[in-house]
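All residue numbers for the sequence shown refer to the numbering used here, where the first residue is 44 and numbers rise by one.
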Amino acid sequence: MREYFPLIAVGAVIGVLSVISILAYASIKDKKTTIGFDRNMPDSEITARLLKYAKPYAGQFVL
44 MREYFPLIAV
54 GAVIGVLSVI
64 SILAYASIKD
74 KKTTIGFDRN
84 MPDSEITARL
94 LKYAKPYAGQ
104 FVL
């Protein structure tokens with residue numbers, strides 16, 4: 044039984060992390076629509092929003 048303990052311990056950790064992930068997903072799944080989560084945003088809009096944040100650091104980028 045001692046030789047199986049590391050496998051049991053790793054399996055328990057993986058199981059606990061899986062349960063936590065599933066519970067987190069289930070708790071936020073229905074809230075996405077109420078907070079206005081938009082999954083169909085065009086790439087151009089995402090890029091424009093990101094460029095607004097990156098503009099002050101434009102001189103630090105190496106292109």
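Just so you know, even glycine gets a beta-carbon here, dropped at the ideal spot from N, CA and C.
Secondary structure note for E46: it is in no alpha helix (DSSP H), with a DSSP letter that is neither H nor E. D73 sits in coil when the DSSP states are folded into three classes, being neither helix nor strand. Distance from the CA of A55 to the CA of P49, rounded to the nearest whole angstrom, comes to 10 Å.
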